[in-house]
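Novice:
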Amino acid sequence: MQIISDALLLIGFFSLIAAIIYGIRWFKNRKNKECKEYKKNKRSTIISLIVLFSALWFVGSVEDYIDQHSQQTTQTGKTVTTNNGQTEYLENKEEFIRTFTSLGIKTEDLSKAEGNEWRNAIRNEGENFSASASVKKIEDNHRSEIIKVKELSDQLHQLDQKIQQNNYPSKADKETIHEAYQNLKHFATHATDLGGSFETYVQEHNDLDRKMGDSAEALKDL
């Protein structure tokens, strides 16, 4: 369409030149209106002006069409981008919830098992109880579970990042998802990096387990 517009502009330019030339000749012969040259130049001037204005009108129409087409193309591009963002968000959200659920179950089970073993060690060993030795033994007993929890935690982090970088979901949805990730990440760290006193461990387990449950309920509303 731009080629057509340029061609029409060229036609308009030559028509303007012709109108000027024939107009000057027409003006020069104005005293003898009955001569052939006067009539010929008058007719040629009028025709040139008609061609000129027609070309300009068509150029305007073509430019309007080009602008409308450009706007439609831009809008189509935005729609495609939005649709892609929506599809990616829905897929990542579903994967996030699945990973969150799996990680939550494994983390809770691991933390409970570690707490029980820690409690039993305190009861059974009495005065010979060594916190550092018991923690190391517990971690060794659950090495494979700890590795799995860390892997799932990394996957959850990657999914959270994808969702945070997506322009489609609302700010509220992003915050809900990120808070869920943060809550479960802290719970996973608690279960894979034992430390402190047993009483502190139990209190943290209860607090983090409650926050994880709250996040699980919040994710259901997305």
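The sequence shown begins at 20 in my numbering and counts up by one. Every residue, glycine too, gets a C-beta built ideally from N, C-alpha and C.
Looking only at its own chain, which residues have a Cβ that is under 8 angstroms from the Cβ of L175, when we skip the five neighbours before and after it?
Specialist: The answer, listed in chain order, is F115, T118, F119, L122, Y200, L203 and K204.
Novice: Quick one: is A207 buried, meaning 16 or more other Cβ sit within 10 Å of its Cβ, or exposed?
Specialist: buried
Novice: If we count the other Cβ atoms within 10 Å of its Cβ and call it buried at 16 or more, is E287 buried or exposed?
Specialist: The requested residue 287 does not occur in the structure, where the chain is confined to residues 20 to 241.
Novice: Check each candidate in N225, E223 and S189 and name the one with the smallest Cα separation from G104.
Specialist: S189
Novice: May I ask you to report which of helix, strand or coil DSSP gives D240?
Specialist: coil
Novice: Assuming contact is defined by CB atoms lying nearer than 9 angstroms, are A237 and S130 in contact in what I supplied?
Specialist: no
Novice: Taking just the CA atoms, how far does G134 sit from K239?
Specialist: 29 angstroms
Novice: Can you find the residues in the same chain that come closer than 8 angstroms, C-beta to C-beta, to T106, ignoring five residues on each side of it along the sequence?
Specialist: none
Novice: Would you report the Cα separation of K112 and N160, rounded to the nearest angstrom?
Specialist: About 34 angstroms.
Novice: If contacts are defined as beta-carbon pairs under 8 angstroms, then E127 and D228 qualify, I think. What distance do you get, rounded to the angstrom?
Specialist: 6 angstroms
Novice: Could you give the distance in angstroms between the alpha-carbon of V221 and the alpha-carbon of I141?
Specialist: 14 angstroms
Novice: Quick one: what's got a C-beta closer than 6 angstroms to E110's C-beta in the same chain, skipping five residues either side?
Specialist: none
Novice: Can you tell me the Cα-Cα spacing of E164 and N186, whole angstroms?
Specialist: Using only the alpha carbons, I get a separation of about 35 angstroms.
Novice: Hey, how far is the Cα of S234 from the Cα of H224?
Specialist: 15 angstroms
Novice: Check each candidate in E194, D179 and L75 and name the one with the smallest Cα separation from I30.
Specialist: L75
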